[in-house]
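Let me begin by presenting the structure, written as structure tokens, before commenting on it.
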Amino acid sequence: MIRIQAEDFDVGAEMAAMNGDGDVGALASFVGLVRGGKGDAKIAAMTLEHYPGMTEKKLAEIEAEARTRWPLEDCLIIHRFGRLEPGERIVMVITASSHRQAALEACAFLIDWLKTSAPFWKLEERSGGEEWVEARASDDQAAEKWAANK
Amino acid sequence: MKLLYFAWLKQKIGIAEEDITLPDDVATLGALVTWLKSRGPGYEEALGDLAVVRFAVNQDFAGLDHPLSDSDEVALFPPVTGG
């Protein structure tokens, strides 16, 4: 399931809702937060912009790909947009499977792929002004690792 | 054709979206970029370094050789930074 929303989410409630229909023996999760940074890197807030329509399409494709690679009982991706302050939650991925390996691997795959293929952009607010976050080569490498391991 | 701009491309071009009539001699994304750059300094600045621009046609990532038709939705944006 995919949810794109401005509002926050309840991590515990989302995890508790992923009990499936009895075959779930493992839940794995990832939660991404706005990193406040230190010193000169300190940010006041971050605004996430996205491409409505394409975002849902790409996240649904990523979820479908994870389900073909691992035997998942359930899967949830929540991604927020709008202005968020340090410490606020940005993204959550939960995967549910019978055994831990599928859940853990699929969760790592989903967050790695989401970072490079879902159309979101981050604008950071600092005391000196605003700046768009640049894509990192390490994120591309993390996603490519899964392509190589298909 | 519907054109969409995101993040700093939107800021440099100055608008989030526009409807254009695709010129007859613009058949690919690459040709569209060349045509857009001739439309003003904002476009020229936004599209000056294509290494930092990504494209989507009908909400799928596409390369500069991707063919276009007037009914397509084309988006131009920086490399994504979600997650």
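If you read the sequences in order, they're chains A and B.
Following the working numbering, the numbering of the first sequence begins with 2 at its first residue and continues without gaps.
Following the working numbering, the numbering of the second sequence begins with 52 at its first residue and continues without gaps.
Where a beta carbon is used, it is the ideal one built from N, C-alpha and C, also for glycine.
All values reported here derive from a predicted model rather than from experimental measurement.
With 16 other Cβ atoms within 10 Å as the buried cut-off, status of E74 (chain A):
buried
Quick one: residues in its chain with C-beta nearer than 8 Å to the C-beta of W147 (chain A), no 5 flanking neighbours on either side, listed in chain order?
F110, D113 and W114
Extent of the continuous alpha helix (DSSP H) run through G40 (chain A)
Segment: none, G40 (chain A) is in no alpha helix (DSSP H) and carries neither H nor E.
Assess contact between the segment 123 to 130 of chain A and the segment 93 to 109 of chain A, defined as three or more Cβ pairs (one per stretch) separated by less than 8 Å. Is contact present?
No, because fewer than three Cβ pairs between the segment 123 to 130 of chain A and the segment 93 to 109 of chain A fall closer than 8 Å, the two stretches do not touch.
For D22 (chain A) and H100 (chain A), what's the separation of their Cα atoms in angstroms?
14 Å
Would E89 (chain A) pass as a contact of V32 (chain A) if the rule is Cβ separation under 7 Å?
no
Whole-angstrom C-beta distance between L119 (chain B) and L73 (chain B), which should lie under 8 Å
Rounded to whole angstroms, the Cβ separation of L73 (chain B) and L119 (chain B) is 6 Å, and the two are in contact under 8 Å.
Pick out whichever of A:T48, A:A18, A:K116 and A:E50 has its Cα sitting closest to the Cα of A138 (chain A).
Closest option to A138 (chain A), Cα to Cα, is A:K116.
Residues of the segment 104 to 125 of chain A whose Cβ lies closer than 8 Å to any Cβ of chain B, in chain order:
Of all residues in the segment 104 to 125 of chain A, I112, L115, K116, T117, S118, A119, P120, F121, W122, K123 and L124 have a Cβ within less than 8 Å of some Cβ in chain B.
Are at least three pairs of beta-carbons, each pair with one atom in the segment 40 to 52 of chain A and one in the segment 78 to 86 of chain A, less than 8 Å apart?
yes
Span of the beta strand (DSSP E) holding F121 (chain A)?
F121 (chain A) -> beta strand (DSSP E) spans F121 to R127.
At least one CB of chain A closer than 7 Å to the CB of G91 (chain B): is that the case?
no
Can you pull the chain A neighbours of F128 (chain B), defined as C-beta to C-beta under 8 Å?
In chain order: Y52, P120 and W122.
Against A136 (chain A), what residues of chain B qualify as contacts under a CB-to-CB distance less than 8 Å, listed in chain order?
P129, P130, V131 and T132, listed in chain order.
So with Cβ pairs under 7 Å, would you call F57 (chain B) a contact of chain A?
yes
Nearest residue (CA-CA) to I5 (chain A), options A:S128, A:A65 and A:P120
Residue A:P120 is the option with its Cα nearest to I5 (chain A).
Using a Cβ cut-off of 8 Å, which residues of the segment 89 to 104 of chain A contact any Cβ in chain B, in chain order?
I91 and V92
Against chain B: residues of the segment 21 to 48 of chain A by CB proximity under 8 Å
G33
Run through chain A and tell me which residues come within less than 8 Å of A107 (chain B), C-beta to C-beta.
Y52, M55 and P120
Using the rule of at least 16 other Cβ atoms within 10 Å of the residue's Cβ for burial, across every protein chain shown, is L98 (chain B) buried or exposed?
buried
L101 (chain B), enclosing beta strand (DSSP E) - first and last residue:
Here L101 (chain B) belongs to no beta strand (DSSP E), and DSSP marks it neither H nor E.
Which of helix, strand or coil does DSSP assign to Y56 (chain B)?
strand
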